[in-house]
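In UniProt numbering, the protein residues as written are 1 to 295.
See below:
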C-alpha cells in the first residue's frame with residue numbers, strides 16, 4: 001500500500017454490508033437466525049481510497065455498486081465516513097456490525113502467515129464507524145474471529161486459536177473477560193435461542209465441546225466429530241439443547257454415522273441405528289429434515 005496506514009471505509013447500514021459483499025476478496029460469515037448481523041473479512045490491499053470523501057447519501061436501489069472515488073463524489077444520496085485506523089502491521093480486517101439499529105461496529109485487524117493468524121488488534125466504534133478506539137485485550141491475545149449472540153447483540157466472543165483462549169463480553173465490547181479452553185477453538189456455533197449456550201469445535205482433534213455460560217467453562221460432547229454439527233431446530237426438536245452431529249471413523253477411511261443428543265450429556269449416547277452408516281461429510285440439518293447420503 002502506498003499509505004502504510006490502514007484505511008477502512010464505512011457507510012450506513014446496508015451500504016456497509018453490501019459494498020463489502022461485492023468488492024472484497026474474502027468471505028462473509030452469517031447465520032440464517034442472524035439475518036441482520038454480518039461479519040465480513042476485508043483484504044485491505046484491495047482498496048485504493050486515499051482521501052477522505054465528503055458525506056453523501058445514496059438511495060437503497062444503488063446498494064451493491066463498487067465504491068470508487070468518482071461514483072461516491074457524484075452521487076448525492078450516499079452517506080459515508082472515513083476513519084483512518086493507525087495500524088501499520090496488519091493487512092486484513094474483519095468488520096463486524098452487531099445488528100439492526102445498532103451503532104457499535106468492530107474492526108479486527110490481523111496479520112496472517114501461511115493461513116494462520118499471527119497477530120491482531122481489535123477496534124471498537126460506538127458511533128457507527130465515525131471514530132474507533134483500540135480495545136485493550138491481554139498482551140498475548142491473537143484474536144481470529146468475532147461471533148455475536150443471535151439472541152443478545154451485546155454478547156460477543158472472540159476466538160484465540162493460537163493461545164487456546166476465548167475473549168467474551170456481555171456489554172457489547174466495553175469490558176472483556178478471557179478464558180482458557182482445552183481445545184483449539186477453530187469454530188464456534190452460538191445457539192439460536194439460548195444466549196448462554198454455544199458449541200466449540202477443534203478441526204485437528206475432531207472434538208466437539210459445549211458451553212452453557214457463554215465460554216467460561218466447556219464440556220466435551222463427543223470425539224471423532226466431523227465439521228457437520230447443528231443446534232436444535234426451533235419448534236421442531238423437543239429439547240432446545242439437542243445437538244445433531246456426524247460421527248466419523250477415527251481413521252477417516254470408513255463411513256460416518258448420525259448422532260443426536262442433548263447437551264451437555266452426549267458421551268454415552270450411541271449413533272442412530274435406524275439411519276445406519278452414511279457417507280462422510282454428507283449430513284445436513286435443514287428445518288424439520290436431516291439429509292444424509294448412503295453408501
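Think of the CB as a built atom: it goes at the ideal place given N, C-alpha and C, for glycine as much as any other residue.
**Asked** With a CB to CB cut of under 8 Å and the five nearest residues on each side skipped, what residues in its chain are close to residue 281?
**Response** So the list reads 226, 227, 228, 246 and 256, once near-sequence residues are dropped.
**Message:** So, with DSSP's three-state summary, where would you put residue 196?
**Reply:** coil
**Asked** Which residues in the same chain have their Cβ closer than 8 Å to the Cβ of residue 243, if we skip the five residues on either side of it in sequence?
**Response** 199, 208, 210, 221, 229, 230, 231, 232, 260, 261, 262, 263 and 266
**Asked** Given that a residue counts as buried once 16 or more other Cβ atoms are within 10 Å of its Cβ, and exposed if not, what is residue 89?
**Response** Within a 10 Å sphere around the beta-carbon of residue 89 sit fewer than 16 other beta-carbons, which makes this residue exposed.
**Request:** Could you tell me the boundaries of the beta strand (DSSP E) in which residue 92 lies?
**Result:** First-last of the beta strand (DSSP E) with residue 92: 92-97.
**residue 286, buried or exposed, once every other Cβ within 10 Å from all chains shown has been counted against 16** = exposed
**Prompt:** What first and last residue would you give for the beta strand (DSSP E) that runs through residue 219?
**Reply:** 219-222
**Request:** Report back the beta-carbon spacing between residue 137 and residue 156 to the nearest angstrom; my notes put them in contact at under 8 Å.
**Result:** Their Cβ separation, rounded to whole angstroms, is 12 Å, which puts residue 137 and residue 156 out of contact at 8 Å.
**Prompt:** Going by C-alpha distance, which of 254, 82, 150 and 161 is nearest residue 120?
**Reply:** 161
**Message:** For a test of the three-state rule: what should DSSP assign to residue 55, helix, strand or coil?
**Reply:** Any answer about residue 55 is weak, because its pLDDT of 34 lies below 50 and its placement is not dependable; what the coordinates show is given next. Residue 55 falls in the coil class under three-state DSSP.
**Prompt:** Hey, residue 169 and residue 234 are a contact pair by Cβ (cut 8 Å); roughly how many whole angstroms apart?
**Reply:** The pair is not a contact, with the Cβ atoms about 25 Å apart (cut-off 8 Å).
**Item:** Member of 159, 191 and 184 whose CA lies at the smallest distance from the CA of residue 205
**Value:** 184
**Asked** Which of the three DSSP states, helix, strand or coil, is assigned to residue 189?
**Response** DSSP places residue 189 in strand when its eight states are reduced to three.
**Prompt:** For residue 134, which residues from the same chain have a beta carbon less than 7 Å from its beta carbon, with the 5 sequence-adjacent residues on both sides left out?
**Reply:** 121 and 123
**Prompt:** Exposed or buried, what is residue 150 when buried is set at 16 or more other beta-carbons lying within 10 Å of its beta-carbon?
**Reply:** buried
**Asked** Should residue 166 be labelled buried (16 or more other beta-carbon atoms within 10 Å of its own) or exposed?
**Response** buried
**Burial state of residue 250, where buried means 16 or more other Cβ atoms lie within 10 Å** = exposed
**Message:** Between which residues of its own chain and residue 294 is the CB-CB distance below 8 Å, once the five residues before and five after are set aside?
**Reply:** Closer than 8 Å at the Cβ level, and outside the excluded window around residue 294, lie 276, 277, 278 and 279.
**Item:** Where residue 248 falls, given that 16 or more other Cβ within 10 Å makes a residue buried
**Value:** Label assigned to residue 248: buried.
**Request:** Could you tell me the distance, in whole angstroms, from the CA atom of residue 191 to the CA atom of residue 238?
**Result:** Approximately 15 Å between the Cα atoms of the pair.
**Asked** Residues in its own chain within less than 6 Å of residue 288 by CB, not counting five upstream and five downstream?
**Response** 236
**Message:** When you compare the CB positions of residue 146 and residue 104, do they come within less than 8 Å of one another, or not?
**Reply:** no
**Asked** Which residue's Cα is closest to the Cα of residue 284: 182, 271, 195 and 258?
**Response** For the residues 182, 271, 195 and 258, the minimum Cα distance to residue 284 belongs to 258.
**Prompt:** If you scan the segment 101-179 from start to end, which runs of the alpha helix (DSSP H) of 4 or more residues do you find wholly inside it?
**Reply:** none
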